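Chemist: First to last, the protein sequences are chains A and B.
Residue numbering for the first sequence follows our numbering, starting at 4 and increasing by one per position.
Residue numbering for the second sequence follows our numbering, starting at 307 and increasing by one per position.
Glycine included, every Cβ here is placed at the ideal spot set by N, Cα and C.
Since the model is a prediction, treat every value here as computed from it, not as a measurement.
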Amino acid sequence: MYGAGDAVIGINPVTDSVETAANLLTMLDEMRVRLDAPIQACVLSHVTTTLAVIEKGAPVDLVFQSIAGSEAGNRAFGISLNVLAEAYDAAQALQRGTVGGNVMYFETGQGSELSSRSHEGVDQQTLEARCYGLARRFTPLLVNSVVGFIGPEYLFNGKEITRAGLEDHFCGKLLGLPMGCDICYTNHAEADQDDMDALLTLLATAGCTFIMGVPGADDIMLNYQSTSFHDALYVRRLLGLRPAPEFEAWLAGIGITDQTGRLHEDAPEQLVRALPFLSASGS
Amino acid sequence: MNERAPPAVIRQSWAHLRALTPARIAIGRAGGGLPTSAYLEFQGAHARARDAVHAKLDINLMLEKIAARGWAARNVRSAARSREEFLRRPDLGRTLSAESKAALSEPMVAPDVVIVVGDGLSSVAVECNAVPVLEYLWPRLAAAALQLGPIIVAEQARVAVADEIGELLAARLSVMMIGERPGLSAADSLGMYLTYEPRVGRLDSERNCISNIRAGGMDAHAAAAQAANLIGSMLAHRASGILLTSRAGRRAQRSINPE
């Protein structure tokens with residue numbers, strides 16, 4: 004509706020169940036086919052859930068998993084190299100990619116090893132960079148640092164979140180990854196939406212690969228704030244950035260944007276009519 | 307000038323779908339930006355959430371409310387000396403202050419259940435919801451002939467401080483009622499963490515949790531009923547958390563999930 008979604012359209016469900024994930028993926032895939040949209044979808048489940056979902060025959064475009072920078076940290080996430088490799092192979096076997104074969108979507112964030120007491124005395128930025136080494140092995144489509152989600156015990160205020168966001172972007176890009184950022188903060192951190200505007204502008208200027216769009220920047224499931232679809236429009240316009248080419252062409256074709264890439268005043272009727280149908284089939 | 311000037315704020319034809327979700331969908335736009343009303347609503351919600359995090363729990367009021375119902379109560383503090391230190395150092399919030407530790411070390415009859423009310427990350431949640439839940443829970447536990455310890459009201463508390471409290475009192479089971487991290491849509495959400503044989507060093511996987519207790523979420527009566535069932539099951543199976551699930555099987559698993 005706001006021209007977002009060229010990287011992935013994701014759903015983070017409250018419960019991590021195979022049935023829920025399979026139903027949501029089927030709904031998203033129906034939407035993709037119905038609208039003939041060049042997109043990929045993802046339900047953010049644990050990798051073992053996604054493996055079961057693939058076995059059930061549901062349409063999995065991307066395998067999601069949070070990863071850590073130490074073996075013990077990954078154990079705390081309930082994963083190992085073997086499980087990731089198994090999921091990678093299973094997703095590749097579906098052969099759903101049309102443009103490329105990148106099927107992994109990883110999330111990271113400084114401090115997770117400290118949080119799960121698996122840091123081995125190593126500082127949180129080094130451990131974060133080790134995540135990228137792990138991610139690289141699986142040629143991911145997306146690597147996302149959920150920078151401020153961890154809370155003030157690890158990144159206390161807007162300044163620390165900003166610094167960590169830039170550090171993560173730098174380290175990820177140095178390792179050749181498609182590095183994006185969930186520019187975010189929790190309500191017990193000393194940060195606000197102005198800090199997010201500033202970090203968004205810095206990261207976009209530095210060539211960040213993607214950012215998150217959450218309605219009104221408010222993640223009502225995980226109770227934290229991120230960036231909105233409006234923020235993405237702002238930064239595209241500010242820096243003359245454009246969506247992925249095939250997605251940009253689709254946006255214009257279906258009537259979300261005009262020939263100059265600006266949003267039409269209202270979304271195309273075809274899309275609005277499709278919405279109730281989608282919510283009905285998903286329930 | 308044939309062209310119609312676009313309206314300053316563009317409203318959206320799918321705005322009726324807002325009725326289906328508390329999410330900030332279809333909030334309109336002014337150019338590519340947020341309309342002023344949506345911006346102000348967001349700022350207001352963030353301020354409420356911040357207030358909930360930083361507001362000090364009114365200990366005296368809480369103790370009075372408990373005393374008025376005829377229940378015994380004690381108050382304790384964690385080792386975190388200020389709100390800022392509490393936010394920065396979760397380890398201190400999980401430990402009692404030396405003074406409180408000494409106070410709880412005095413001889414006392416070991417209770418079956420110790421209930422701890424902790425401010426956590428939202429004192430507003432505790433002030434709104436703790437006593438309403440207790441009003442249903444306390445009589446049910448008393449009717450089950452369980453030995454109940456004094457209600458411990460804990461300042462600057464994290465969930466795991468209940469482990470130390472439970473250890474000092476030699477309680478069989480602890481119930482921690484604590485303010486959850488506020489979101490923009492709900493700053494008054496209470497969580498309950500139940501731990502069998504609360505002792506320092508318990509893992510989160512050894513607890514059961516009931517969350518989102520608030521007006522508009524899980525109501526006090528349902529939360530108390532669920533907690534009472536869990537307590538019964540924990541005492542019968544001598545376990546909580548993952549171990550309870552494996553001992554009690556799928557029946558217990560269902561009662562753990564709020565829905």
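#1: Within 10 angstroms of the Cβ of N381 of chain B, are there 16 or more other Cβ atoms? Answer buried if so, exposed if not.
#2: Which residue spans inside the stretch 110-147 of chain A form an unbroken alpha helix (DSSP H) run of at least 4?
#3: Could you tell me whether the Cβ atoms of F232 of chain A and G216 of chain A are closer together than 8 Å?
#4: Who are the neighbours of M240 of chain A on chain B, taking C-beta pairs under 8 Å?
#5: Kindly indicate which three-state DSSP category C211 of chain A falls into: helix, strand or coil?
#6: Just to make sure I have the definition right: I need the residues of chain A whose C-beta is within less than 8 Å of the C-beta of A269 of chain B. Which are they?
#7: Do D221 of chain A and F348 of chain B have their C-beta atoms within less than 8 Å of each other?
#8: On the DSSP letters alone, give me the boundaries of the alpha helix (DSSP H) that F348 of chain B sits inside.
#9: Can you give me the Cβ contacts of E24 of chain A inside the same chain, cut-off strictly under 8 Å, excluding the 5 residues immediately before and after it?
#10: Taking a contact to mean a Cβ-Cβ separation below 8 Å, would you say E461 of chain B touches S384 of chain B in this structure?
#11: Tell me which residues of the stretch 30-60 of chain A have at least one Cβ-Cβ distance to chain B shorter than 9 Å, keeping chain order.
#12: Could you tell me whether the Cβ of V430 of chain B comes closer than 8 Å to any Cβ of chain A?
#13: Is Y499 of chain B helix, strand or coil by DSSP?
#14: Just the chain A side, please: which residues come within less than 8 Å of Q318 of chain B by C-beta, in chain order?
#15: List, in chain order, every chain B residue whose beta-carbon is nearer than 8 Å to that of Q228 of chain A.
#16: Could you spell out the range, first to last residue, of the alpha helix (DSSP H) harbouring R37 of chain A?
#17: Using the C-alpha atoms, what's the distance from V50 of chain A back to I537 of chain B?
#18: Once the 5 residues before and after I333 of chain B are set aside, which same chain residues still bring their CB inside 6 Å of it?
#19: Check for me: the alpha helix (DSSP H) holding S406 of chain B runs from which residue to which?
#20: At the 8 Å Cβ level, is P16 of chain A part of the contact set with chain B, yes or no?
#21: Going by the DSSP bridge assignment, what does E461 of chain B pair with across the sheet?
#22: Taking 8 Å as the threshold (C-beta atoms), are V63 of chain A and A94 of chain A in contact?
#23: Smallest Cα separation from E156 of chain A: which of B:I457, B:R464 and B:P456?
#24: Quick check on the DSSP output: the beta strand (DSSP E) that includes C515 of chain B runs from which residue to which?
#25: For T260 of chain A, does the three-state DSSP call read helix, strand or coil?
#26: Report the neighbours of E163 of chain A on chain B: residues whose CB is nearer than 7 Å to its CB, in chain order.
#27: Using a C-beta cutoff of 8 Å, does V275 of chain A count as contacting chain B?
#28: Does chain A have any CB closer than 8 Å to the CB of P438 of chain B?
#29: Would you mind telling me which residues of chain A sit closer than 7 Å to L393 of chain B, beta carbon to beta carbon, in chain order?
#30: Using the beta-carbon of each residue, which ones in chain B are nearer than 7 Å to F159 of chain A?
#31: Let's test the definition: count the other Cβ atoms within 10 Å of the Cβ of T189 of chain A and tell me whether it reaches 16, buried, or not, exposed.
#32: Going by DSSP, what residue range makes up the alpha helix (DSSP H) through V56 of chain A?
#33: Quick one, which of A:G76, A:T29, A:E22 and A:I14 has its alpha-carbon nearest F67 of chain A's?
#34: Out of B:A378, B:V415 and B:V467, point me to the one whose CA is closest to R505 of chain B's CA.
#35: Taking only the alpha-carbon atoms, compute the straight-line gap between L205 of chain A and M482 of chain B and give it to the nearest angstrom.
#36: Anything in chain A within Cβ reach of A355 of chain B, meaning under 8 Å, just list it in chain order.
Modeler: Based on what the coordinates show:
#1: The residue labelled residue 381 of chain B in the question sits at position 75 within the second sequence. N381 of chain B comes out buried.
#2: 115-118 and 127-139
#3: Against the first sequence, residue 232 of chain A aligns to sequence position 229. Against the first sequence, residue 216 of chain A aligns to sequence position 213. It is a contact, given that the beta carbons lie within the stated cut-off.
#4: Translated into the one-based positions of the first sequence, residue 240 of chain A becomes position 237. Just to set this straight, residue 240 of chain A is Arg in the shown sequence, not Met. Residues of chain B passing the Cβ test: G338.
#5: The residue you call residue 211 of chain A lines up with position 208 of the first sequence. Coil.
#6: Because chain B is modelled from 307 through 565, residue 269 of chain B falls outside the range shown and cannot be assessed.
#7: As a working mapping, residue 221 of chain A is identified with position 218 in the first sequence. As a working mapping, residue 348 of chain B is identified with position 42 in the second sequence. In contact: D221 of chain A and F348 of chain B (Cβ atoms closer than 8 Å).
#8: Position 42 of the second sequence, counted from the first residue, corresponds to residue 348 of chain B. That run of the alpha helix (DSSP H) goes T342 to H360.
#9: Within the first sequence, residue 24 of chain A is the residue found at index 21, counting from 1. Per the sequence presented here, residue 24 of chain A reads as Ala, with Glu not at that position. Within the same chain, A24 of chain A has close Cβ partners P16, V46, S48, T52, T53, V56 and A61.
#10: Start at 1 with the first residue of the second sequence, and residue 461 of chain B comes out as number 155. Start at 1 with the first residue of the second sequence, and residue 384 of chain B comes out as number 78. Yes; because the gap between Cβ atoms is below 8 Å, this pair is in contact.
#11: none
#12: By one-based count along the second sequence, residue 430 of chain B stands at place 124. No - not a single Cβ of chain A is within 8 Å of the one on V430 of chain B.
#13: Reading the second sequence from its first residue, position 193 is the one you call residue 499 of chain B. If DSSP states are grouped into helix, strand and coil, Y499 of chain B belongs with the strands.
#14: The count along the second sequence starts at 1 and reaches residue 318 of chain B at position 12. Simply M4, D269 and A270.
#15: Taking the first sequence and counting its residues from 1, one reaches residue 228 of chain A at position 225. Correct list: H352 and L490.
#16: Residue mapping note: residue 37 of chain A aligns to position 34 of the first sequence, counting from 1. That run of the alpha helix (DSSP H) goes V21 to L38.
#17: Numbered from 1 along the second sequence, position 231 holds the residue referred to as residue 537 of chain B. Numbered from 1 along the first sequence, position 47 holds the residue referred to as residue 50 of chain A. Whole-angstrom Cα-Cα distance: 33 Å.
#18: What you label residue 333 of chain B is simply residue 27 of the second sequence in a count that begins at 1. Same-chain partners within the cutoff: A344.
#19: Within the second sequence, residue 406 of chain B is the residue found at index 100, counting from 1. Looking at the DSSP string, the run of the alpha helix (DSSP H) that includes S406 of chain B is A404 to L410.
#20: In the first sequence, the residue the question calls residue 16 of chain A occupies position 13. Closer than 8 Å: no.
#21: Along the second sequence, read from residue 1 onward, the residue named residue 461 of chain B stands at position 155. Note: E461 of chain B sits in a beta bridge opposite B:R383.
#22: In the first sequence, counting from the first residue as 1, residue 94 of chain A sits at position 91. In the first sequence, counting from the first residue as 1, residue 63 of chain A sits at position 60. Yes, the Cβ-Cβ distance between A94 of chain A and V63 of chain A is below 8 Å.
#23: To locate residue 156 of chain A, count along the first sequence from 1; it is residue 153. Among B:I457, B:R464 and B:P456, the Cα nearest to that of E156 of chain A is on B:R464.
#24: Here residue 515 of chain B is taken as the residue at index 209 of the second sequence, counted from 1. R513 to I519 is the span of the beta strand (DSSP E), which, as asked, contains C515 of chain B.
#25: In the first sequence, counting from the first residue as 1, residue 260 of chain A sits at position 257. In this structure, T260 of chain A counts as strand in the three-state DSSP scheme.
#26: For the purposes of this step, residue 163 of chain A is identified with residue 160 of the first sequence, where counting begins at 1. The contacting residues do not exist; E163 of chain A stays about 11 Å from chain B at best.
#27: In the first sequence, counting from the first residue as 1, residue 275 of chain A sits at position 272. Interface residue, yes.
#28: Position 132 of the second sequence, counted from the first residue, corresponds to residue 438 of chain B. With 8 Å as the cut-off, P438 of chain B does not count as an interface residue toward chain A.
#29: Counting from 1 along the second sequence, the entry for residue 393 of chain B is found at position 87. Within 7 Å Cβ-Cβ: P155 and H191.
#30: Against the first sequence, residue 159 of chain A aligns to sequence position 156. The answer, in chain order, is R394.
#31: Along the first sequence, read from residue 1 onward, the residue named residue 189 of chain A stands at position 186. T189 of chain A comes out buried.
#32: Stepping through the first sequence from its first residue, residue 56 of chain A is reached at position 53. First-last of the alpha helix (DSSP H) with V56 of chain A: V50 to E58.
#33: Position 64 of the first sequence holds residue 67 of chain A. Considering only alpha carbons, the answer is A:I14.
#34: Counted from its first residue, the second sequence places residue 505 of chain B at position 199. Checked all of B:A378, B:V415 and B:V467; the closest Cα to R505 of chain B is B:V467.
#35: Mapped onto the first sequence, residue 205 of chain A falls at position 202. Mapped onto the second sequence, residue 482 of chain B falls at position 176. One C-alpha to the other measures close to 42 Å.
#36: Residue mapping note: residue 355 of chain B aligns to position 49 of the second sequence, counting from 1. What A355 of chain B touches in chain A: N190.
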